[in-house]
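Trainee:
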Amino acid sequence: MWAMKTTDSDGRLVRIELAPATIAWILGAAAGVWLLYALWMVVLILILALIFVGMANPGVELLEARGFKRMHALLVLLGGFSVVSALVIFLTIPPLLEQLAAISHDLPAQRLRLIAFLSDHTLSAPFGQAIKDVSMNQTFARLQASAVGYSSDVLLAAGYAATIFVLAFYLLADGKRTQGALYAIVPRRYHMRLARIIHNLEAIVGGYMRGQIITSAGLAAFVFLLLTACRVQNALALALLAALMDVLPFVGGLLAAIPVVLTALGHGQTTGIVVMVCMFVYQEFENKVIVPKVYGDALRLSPAAVVLALLAGGILLGMTGALLALPIAAGLQMILEELGLELPGDDSDDPAARARDKKTEAAYEVMSAGATAPEAGRIANDLAHDIRAADAWVAASQTKDTPAPRRGSGKGADEGRPGR
């Protein structure tokens, strides 16, 4: 027992006592924070690998359900991804390099046309003067110096990307053993919560990443077709640039529209206005129709939480932090809800869901009696899978007629365990 004596504001003697267990918890928390700070890159690599796992695991499980062994399913998925990536690179990189060279060659003429267009209008004349005051030679010199300075960072990032890919591959290939070890560490009474957290994290991460791919690909296709129809040069390079910028929430669409509209203005005022209007209409369509469809309820974040998460992620890790902020924030919110921690101002408690969770946990206690930790983990996983399938069916049945999911459709049913 550690004790310390001090006095309060009234001069009275106060004795402060700390039990050894409390001291151990404080030291352990401090050591954990220090390790998190010292190994933040390792933690980031693990988070990114888990994001890839959450994105690819549904495809692996779908192939497993069709009779593939897990390793064979993983190899098929990896082969398909490699073929698609090779086709995309082969079809885009050569014309992209040509168009980038053409942009560099035509940039002085494009700059003069843009300055002339902006100078013809009173409101935009200051912008034209600002562009005119920028020295192209100095700008290119700074860009070249920056490119040389960042070359080592690019190689380091490529190494990290390879590490993330390999780690994700091993986690997918040995996912059942990894989950078994996790369930062996966690006490049995928390297994159902852990299973729900794993399934919900997979839904959050997979939904977010698939949504990013769909929205970026859609914007790239739209920009390419729009600029091609308007006969604006270098449509492919601008479309790919817009797709890269679109991964940033909120500001991505605006940043993507700026180079597209400015390039179109170099081909005439009418072309620039048409492209600007079309980009605005598409952004509204994406925000109001595409985003709700592809993301659904995967994130369940309020607008204030989204803004705060983006600010925190951008300040801590820059572009990478901004990209990871939303799924991490949604995952943390979901974990806090599963652990039963009430957030300030949160009145979203669902008594029916709580009662169902308690019944499920009671059923799990009976079904997992006498099972080893990995076997008990599989039972908890199957129960969580069936609950999520039932919830998805209920959500779908509110909009259209959907066949009810079969009772005991999880893996546990195939292995002869009792029905749900």
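Per the numbering used here: the sequence shown ends with 560, consecutive numbering throughout. Even glycine gets a Cβ: it sits at the ideal position worked out from N, Cα and C. Note that this is a predicted model, so its numbers are computed, not measured.
Considering only residues of the same chain and omitting the five flanking positions on each side of residue 313, which have a CB-CB separation below 8 angstroms?
Mentor: Here residue 313 corresponds to residue number 173 of the sequence shown, with the count starting at 1. Around residue 313: 210, 211, 214.
Trainee: Please classify residue 160: is it buried, with 16 or more other beta-carbons within 10 angstroms of its beta-carbon, or exposed?
Mentor: The sequence position of residue 160 within the sequence shown is 20, counting from 1. Residue 160 is exposed by the Cβ-count criterion.
Trainee: Which complete alpha helix (DSSP H) runs does the stretch 464-519 hold, if anything under 4 residues is left out?
Mentor: Taking only runs of at least 4 residues, the alpha helix (DSSP H) segments lying wholly in the stretch 464-519 are 491-507.
Trainee: Can you list, in chain order, the residues of its chain whose CB lies under 7 angstroms from that of residue 504, leaving out five sequence neighbours each side?
Mentor: Start at 1 with the first residue of the sequence shown, and residue 504 comes out as number 364. Cβ within range, chain order: 331, 332, 519, 520, 523.
Trainee: In chain order, which alpha helix (DSSP H) runs of at least 4 residues are fully inside the stretch 426-460?
Mentor: Complete alpha helix (DSSP H) runs here, min 4: 431-435.
Trainee: If residue 370 and residue 411 are in contact, beta carbons under 8 angstroms, what's the gap, nearest whole angstrom?
Mentor: Here residue 370 refers to the residue found at position 230 when the sequence shown is read from its first residue. Here residue 411 refers to the residue found at position 271 when the sequence shown is read from its first residue. The pair is a contact, with the Cβ atoms about 5 angstroms apart (cut-off 8 angstroms).
Trainee: Note down, in chain order, each residue of its chain lying with its Cβ closer than 7 angstroms to the Cβ of residue 385, except the 5 sequence neighbours on either side.
Mentor: Within the sequence shown, the letter at position 245 stands for residue 385. Contacts found: 392, 395, 396.
Trainee: Between the Cα of residue 479 and the Cα atoms of 322, 336, 183, which residue gives the shortest distance?
Mentor: Residue numbering aside, residue 479 sits at position 339 when the sequence shown is read from its first letter. The shortest Cα separation from residue 479 among 322, 336, 183 belongs to 336.
Trainee: Have a look at 353, 176, 527, 334 and flag the residue whose alpha-carbon is nearest the alpha-carbon of residue 430.
Mentor: Along the sequence shown, read from residue 1 onward, the residue named residue 430 stands at position 290. The residue with the shortest Cα to Cα distance from residue 430 is 353.
Trainee: Count the other CB atoms within 10 Å of the CB of residue 560; is the residue buried (16 or more) or exposed (fewer)?
Mentor: Residue numbering aside, residue 560 sits at position 420 when the sequence shown is read from its first letter. Confidence in residue 560 is poor, its pLDDT being 31 and thus under 50, which makes the residue's placement unreliable; the coordinate value appears in the next sentence. Per the 10 Å Cβ criterion, buried.
Trainee: Rounded to whole angstroms, what's the CA-CA distance from residue 553 to residue 527? Just pull it up for me.
Mentor: Along the sequence shown, one-based indexing puts residue 553 at 413. Along the sequence shown, one-based indexing puts residue 527 at 387. Per-residue confidence for residue 553 stands at a pLDDT of 39, beneath the threshold of 50, marking its modelled position as unreliable; no derived number is given.
Trainee: Helix, strand or coil for residue 407 per DSSP?
Mentor: Within the sequence shown, numbered from 1, the residue matching residue 407 stands at position 267. Three-state result, residue 407: coil.
Trainee: Under the rule that 16 or more other beta-carbon atoms within 10 Å means buried, what is residue 500, buried or exposed?
Mentor: What you label residue 500 is simply residue 360 of the sequence shown in a count that begins at 1. So residue 500 counts as buried.
Trainee: Taking one C-beta from the stretch 338-350 and one from the stretch 189-196 each time, how about it: are there three or more such pairs within less than 8 angstroms?
Mentor: Touching, per the Cβ criterion.
Trainee: Return the Cβ separation of residue 409 and residue 257 in integer angstroms, given the expectation that the two are a contact with Cβ distance under 8 angstroms.
Mentor: Within the sequence shown, numbered from 1, the residue matching residue 409 stands at position 269. Within the sequence shown, numbered from 1, the residue matching residue 257 stands at position 117. Contact flag correct, Cβ pair sits at about 6 angstroms.
Trainee: Under the three-state reduction of DSSP, which class applies to residue 309: helix, strand or coil?
Mentor: Position 169 of the sequence shown, counting from 1, holds the residue named residue 309. Residue state, collapsed to three classes: helix.
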